[in-house]
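Enquirer: Those protein sequence lines, which keep their order, are chains W and Y.
Take 21 as the starting number for the first sequence in our numbering and just add one per residue.
Take 21 as the starting number for the second sequence in our numbering and just add one per residue.
2 protein chains.
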Amino acid sequence: MTRILNSECIALVGKKVTIKGWVNSVRSYGKLAFADIRDRSGLIQVVGGLDVGSLKNEFVVEITGTVRDRSEKYFNEKLVTGKIEIEAETVAVLAKSAELPFDLHHPEINISLPVALDNRALSLRNKKIQDVFKIQATIVQAFREYLNSLGFTEIFIPTIVAGSTEGGSEVFPVQYFDYQAYLAQSPQLYKQVLTSIFERVFTVAHAYRAEPSVTTRHLTEYVGLDVEMGFIENWLDLIKTADDVVKVIFKAVSQKHQDILDEYGVTIPKTAKNTPVIKLKDALELIYKRTGRDVRNELDMDPEGEREICRWSLEEYGSDLVFITHFYTKKRAWYSYADPQNPDETLTMDLIGCGVEWISGGQRINDYQQLQEKIISRGQDPKDFELPYGQAFKYGMPPEGGFCIGLERITQNILNLENVRQASLFPRDMERIDNRLAIFGKKIAKIKSDASVPKNTKK
Amino acid sequence: MTRILNSECIALVGKKVTIKGWVNSVRSYGKLAFADIRDRSGLIQVVGGLDVGSLKNEFVVEITGTVRDRSEKYFNEKLVTGKIEIEAETVAVLAKSAELPFDLHHPEINISLPVALDNRALSLRNKKIQDVFKIQATIVQAFREYLNSLGFTEIFIPTIVAGSTEGGSEVFPVQYFDYQAYLAQSPQLYKQVLTSIFERVFTVAHAYRAEPSVTTRHLTEYVGLDVEMGFIENWLDLIKTADDVVKVIFKAVSQKHQDILDEYGVTIPKTAKNTPVIKLKDALELIYKRTGRDVRNELDMDPEGEREICRWSLEEYGSDLVFITHFYTKKRAWYSYADPQNPDETLTMDLIGCGVEWISGGQRINDYQQLQEKIISRGQDPKDFELPYGQAFKYGMPPEGGFCIGLERITQNILNLENVRQASLFPRDMERIDNRLAIFGKKIAKIKSDASVPKNTKK
Chain W
21 MTRILNSECI ALVGKKVTIK GWVNSVRSYG KLAFADIRDR SGLIQVVGGL DVGSLKNEFV
81 VEITGTVRDR SEKYFNEKLV TGKIEIEAET VAVLAKSAEL PFDLHHPEIN ISLPVALDNR
141 ALSLRNKKIQ DVFKIQATIV QAFREYLNSL GFTEIFIPTI VAGSTEGGSE VFPVQYFDYQ
201 AYLAQSPQLY KQVLTSIFER VFTVAHAYRA EPSVTTRHLT EYVGLDVEMG FIENWLDLIK
261 TADDVVKVIF KAVSQKHQDI LDEYGVTIPK TAKNTPVIKL KDALELIYKR TGRDVRNELD
321 MDPEGEREIC RWSLEEYGSD LVFITHFYTK KRAWYSYADP QNPDETLTMD LIGCGVEWIS
381 GGQRINDYQQ LQEKIISRGQ DPKDFELPYG QAFKYGMPPE GGFCIGLERI TQNILNLENV
441 RQASLFPRDM ERIDNRLAIF GKKIAKIKSD ASVPKNTKK
Chain Y
21 MTRILNSECI ALVGKKVTIK GWVNSVRSYG KLAFADIRDR SGLIQVVGGL DVGSLKNEFV
81 VEITGTVRDR SEKYFNEKLV TGKIEIEAET VAVLAKSAEL PFDLHHPEIN ISLPVALDNR
141 ALSLRNKKIQ DVFKIQATIV QAFREYLNSL GFTEIFIPTI VAGSTEGGSE VFPVQYFDYQ
201 AYLAQSPQLY KQVLTSIFER VFTVAHAYRA EPSVTTRHLT EYVGLDVEMG FIENWLDLIK
261 TADDVVKVIF KAVSQKHQDI LDEYGVTIPK TAKNTPVIKL KDALELIYKR TGRDVRNELD
321 MDPEGEREIC RWSLEEYGSD LVFITHFYTK KRAWYSYADP QNPDETLTMD LIGCGVEWIS
381 GGQRINDYQQ LQEKIISRGQ DPKDFELPYG QAFKYGMPPE GGFCIGLERI TQNILNLENV
441 RQASLFPRDM ERIDNRLAIF GKKIAKIKSD ASVPKNTKK
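1) Within the present structure, is the beta-carbon of E248/Y separated from the nearest heavy atom of the ligand GTP by less than 7 Å?
2) Mind checking D5/W: buried by the 16 CB within 10 Å criterion, or exposed?
3) Would you say Y357/Y reaches chain W, if we count a Cβ-Cβ gap shorter than 8 Å as a contact?
4) Locate the alpha helix (DSSP H) running through T240/Y, then write down its first and last residues.
5) Looking at chain W, is there any beta carbon in it that lies within less than 8 Å of the beta carbon of I461/Y?
6) Can you tell me whether DSSP reads Q212/Y as helix, strand or coil?
7) Would F141/W and A182/Y be called neighbours here (beta carbons separated by less than 8 Å)?
8) Could you name each continuous beta strand (DSSP E) segment of 3 residues or more that falls completely within the region 409 to 451 of chain Y, going from the start of the chain to the end?
9) Just the C-alpha distance for R313/W and E219/W, rounded to the nearest angstrom, thanks.
10) Distance, Cα to Cα, E231/Y vs E324/Y?
11) Short check: CB of S74/Y to CB of D56/Y, under 8 Å?
12) Based on Cα-Cα distance, which residue from L319/W, E451/W, D264/W and R456/W lies nearest to I425/W?
13) Can you look up D364/Y in the DSSP assignment and give me helix, strand or coil?
14) Using a Cβ-Cβ cutoff of less than 8 Å, which residues in the same chain neighbour D322/Y once the five nearest sequence positions on both sides are dropped?
15) Work out the CA separation of R47/Y and H125/Y for me, nearest whole Å.
16) Looking only at its chain, what residues have a beta carbon closer than 7 Å to the beta carbon of N146/W, apart from the 5 residues adjacent to it on each side?
17) Report the residues of the region 183 to 216 of chain Y with a CB closer than 8 Å to any CB of chain W, ordered along the chain.
18) Under 8 Å Cβ to Cβ from Y482/W, same chain only, skipping five residues before and after it: list those, please.
19) Compare the C-beta of T110/Y against all C-beta atoms of chain W and say whether one is closer than 8 Å.
20) Can you tell me whether E105/W is buried or exposed, with buried defined as 16 or more other CB within 10 angstroms of its CB?
21) Restricting to Cα atoms, I'd like to know which of A225/Y, V191/Y, K462/Y and G250/Y is closest to A115/W.
22) Given a threshold of 16 other Cβ atoms within 10 Å of its Cβ, counted over all protein chains shown, does F222/Y qualify as buried or as exposed?
23) Against chain Y, with Cβ distances strictly below 8 Å, would A136/W count as a contact?
24) To the nearest angstrom, how far is it from the Cα of A112/W to the Cα of D370/Y?
25) Would you mind reading off the limits of the beta strand (DSSP E) that contains W378/W?
26) Which bits of chain Y does F218/W rub up against, with CB to CB less than 7 Å?
27) Cα-Cα, which of I217/W, K466/W, L341/W and K76/W is closest to I149/Y?
28) Using a Cβ-Cβ cut-off of 8 Å (strictly less than) and excluding sequence neighbours within five positions of K394/Y, which residues of its own chain qualify?
29) Anyone know if the C-beta pair for K466/Y and Y199/W falls short of 8 Å?
30) Judging by CA-CA distance, which residue of D59/Y, H346/Y, L52/Y and M417/Y is the nearest neighbour of G171/W?
31) Going by the beta-carbon positions, is the gap between S117/Y and G62/Y smaller than 8 Å?
32) Is there a Cβ from chain Y that is less than 8 Å from the Cβ of K98/W?
33) Please check the pair Q389/Y and P402/Y, which I expect to be a contact at CB under 8 Å, by giving their CB distance rounded to whole angstroms.
34) Can you confirm whether the region 325 to 341 of chain Y touches the region 269 to 284 of chain Y when touching is taken to mean that 3 or more C-beta pairs between the two stretches lie within less than 8 Å?
35) Let's see if you can read the secondary structure: which residues bound the alpha helix (DSSP H) around F270/Y?
36) Assuming S143/W is part of the alpha helix (DSSP H), what are its boundary residues?
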């Protein structure tokens with residue numbers, strides 16, 4: 021018989037069905053037994069005899085039986101299928117399970133993150149842990165559909181690169197046959213090049229940061245939702261697009277996953293029709309005025325500043341989101357476009373939401389000569405950036421800019437997760453590649469380090 | 021004024037517009053000059069005086085003027101905008117271009133692939149070269165939309181792994197802080213794990229093969245359209261899904277890009293309602309009968325065999341596509357499911373189309389004990405595969421299988437491109453990471469090689 025999903029049984033009362041799934045729990049009362057069977061559509065109760073009673077948690081089963089209405093006193097309001105059950109006729113075990121090391125299906129699974137990661141194939145079976153990734157899939161889908169509707173082209177660009185992409189955080193060396201290569205820190209330079217081909221591009225790209233620190237907001241491998249737009253009228257186009265993208269994502273998540281937002285006890289951040297935009301310098305001044313904390317000479321905004329500016333934005337504009345703009349030239353990546361009004365500031369922006377960063381982006385230099393000088397001024401050799409990057413500018417590059425949304429971070433932010441690792445199916449960090457490196461890792465001598473890789477510039 | 025796309029001008033005859041784009045060509049006749057301006061919607065002719073005449077190819081321009089009908093004798097049937105032109109009033113140069121090293125916009129661009137790649141940022145501006153990637157974006161979009169409609173969940177899995185994923189071709193070592201890591205040869209083991217979480221999953225994943233050879237069908241970094249399905253009734257479900265996915269892709273490409281198919285002089289492969297399915301052994305027998313070439317004792321099918329079996333399929337079933345199944349156990353990856361009827365053969369399949377491979381896949385072993393024995397029999401340590409792979413099976417894994425479509429290969433196959441590099445925006449191979457390694461590469465000493473990485477098993 022063809023398999024029926026648990027949720028489909030609701031419409032099949034009185035009919036014989038075959039379901040397949042995992043044993044979520046078993047309750048046995050002598051010759052009478054109940055099992056909750058889990059499939060991708062949810063749970064359903066099966067009632068039977070010893071064959072059901074002898075099942076163990078996480079066994080994979082195929083059960084044929086008849087769908088019956090439950091009597092009203094046995095309704096389970098927590099389940100979509102709570103008014104029905106299946107009277108089992110045949111029970112086949114497709115695969116057995118070892119005994120579980122912890123209680124897997126309690127709604128508030130009571131294990132620490134390291135234990136969850138040491139048991140990743142198992143902990144992901146917990147509904148609440150798993151639901152994070154349903155939201156994540158929706159975020160990416162909404163992102164793509166929206167940009168496709170605006171005439172953007174999806175691009176696929178490599179992650180093995182010959183040099184350090186853009187300075188910035190440290191890079192992972194790769195042994196590429198007999199040559200030195202690196203893992204890309206971002207698709208930045210390639211997506212810029214492709215505005216000269218397709219004008220508007222996006223990519224869902226893996227990127228790598230060898231930051232030697234373990235925090236709740238960093239992964240060594242992450243997924244970036246990257247956007248780049250040519251022929252911007254002015255750089256506020258970028259802010260508008262970034263603002264729209266985030267709101268489209270919010271809408272998709274709340275329409276499709278209100279149940280998961282409720283499960284996590286969160287609400288979608290409040291937004292205004294136009295998210296407020298404030299220059300870094302003005303924001304620092306504002307923080308001083310509001311709190312007396314004098315950050316006016318800082319070159320960047322610290323976490324406490326990000327929280328304070330969001331409080332201001334919420335009070336003044338009813339918006340949990342706020343764009344900070346005009347970061348200082350010496351603190352942003354070399355390709356950042358200097359403000360013609362004040363070359364010490366760049367036409368760059370961060371979207372801050374609920375006290376943390378969500379998006380980073382800006383307009384880029386599109387003049388070939390100016391780029392060459394910038395690269396030299398950072399102590400690098402333009403030849404290392406010529407193909408394909410410099411070449412695109414040499415032959416006519418439109419005014420352009422873009423931004424990146426970290427997929428794990430936006431997932432973390434929306435669900436208010438404590439740790440970004442909770443928003444990665446198999447998180448990579450300094451201490452872990454699935455297994456803990458300190459226990460399972462194979463130590464090796466460092467690849468000859470390359471002095472030309474610069475440090476500590478920010479996108 | 022807000023920018024108008026060239027193609028939008030058709031509806032704006034008599035109106036003043038501002039367009040932006042690249043100078044595709046200039047024809048100057050004293051005080052009268054014509055320029056074709058290119059944007060992402062196509063070309064449009066601009067007529068003007070010295071300001072237009074002094075433009076050079078690939079300059080980035082902003083032109084304001086009035087849209088006029090052309091007189092009928094000047095219609096250009098090759099352009100969508102061929103019945104109109106813009107009378108320029110103001111011409112602003114947004115960015116200049118160096119002189120071009122070759123004629124960029126001839127329909128049959130007359131440069132070799134190495135020259136095209138040495139000038140990648142430029143050669144991609146050629147319409148025909150660029151159109152490959154419009155088809156590619158459509159392939160991926162059709163793939164995702166179809167699987168989403170079937171209840172698949174999109175997953176994002178890491179590419180940095182602790183060990184050789186599945187044996188197979190050689191791997192690229194990564195210096196991961198003080199530890200040895202590798203670039204994943206495929207998302208295979210992770211997508212399998214995730215059938216125990218989401219049942220049906222897909223991913224568009226980068227994968228890496230350090231094959232020390234340069235052919236027209238191999239890249240060292242490629243994109244895989246990966247699918248994995250739990251609770252298959254039997255393994256023919258996989259063939260059905262793979263068959264449907266390919267046909268959905270064909271339909272999307274032909275509906276959206278008939279112009280590009282015409283430009284490349286190709287037609288979508290012929291398909292039958294059900295693509296024929298033939299066992300490897302029977303296919304080899306058939307080749308012997310049809311051609312007299314005795315390949316009956318071969319363990320795999322050679323390229324000439326693939327071409328012959330496609331000729332057979334076309335003659336007998338009117339199908340350019342054919343599934344070859346039941347590859348020999350000793351030639352497939354260790355996780356392949358042995359046919360219960362004959363354990364020397366596996367429930368695996370390749371989709372061959374027009375003489376070359378399009379898809380590879382099969383059912384996988386889902387019994388924990390059997391997997392452990394398989395890993396040991398290949399001289400490997402099950403502990404190296406325990407997290408998260410073994411763990412998923414230890415706690416109950418449904419019958420499952422899947423397949424992978426190489427994105428660059430399916431693009432190459434559909435457009436009948438000579439070389440797979442033409443189907444990669446920035447192809448990586450043994451000789452090139454953007455620049456040619458022999459000239460620009462930095463040689464390094466090999467990372468201490470890891471003897472535990474096995475060789476020469478096929479997925």
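For glycine and all other residues, C-beta sits at the position ideal for the given N, C-alpha and C.
Expert: From the atom records:
1) With respect to the ligand GTP, the structure shown offers nothing to examine, as it has no ligands at all.
2) The requested residue 5/W does not occur in the structure, where chain W is confined to residues 21 to 479.
3) no
4) No alpha helix (DSSP H) holds T240/Y; DSSP gives it neither H nor E.
5) A small fix is needed here, since residue 461/Y is Gly in this sequence, not Ile. It does; some Cβ of chain W falls within 8 Å.
6) helix
7) It should be noted that the sequence gives Ala, not Phe, for residue 141/W. No, they are not a contact pair.
8) 420 to 426
9) 44 Å
10) 22 Å
11) no
12) D264/W
13) strand
14) V315
15) 15 Å
16) L124, H125 and I129
17) F192, P193, V194, Q195, Y196, F197, D198, Y199, Q200, A201, L203, Y210, V213, L214 and S216
18) No statement about residue 482/W is possible, as the shown extent of chain W runs from 21 to 479 and does not include it.
19) no
20) buried
21) G250/Y
22) buried
23) no
24) 31 Å
25) V376 to R384
26) R60
27) I217/W
28) W354, Y355 and I385
29) no
30) D59/Y
31) no
32) no
33) 10 Å between Cβ atoms; not a contact.
34) no
35) L256 to K276
36) R140 to S143
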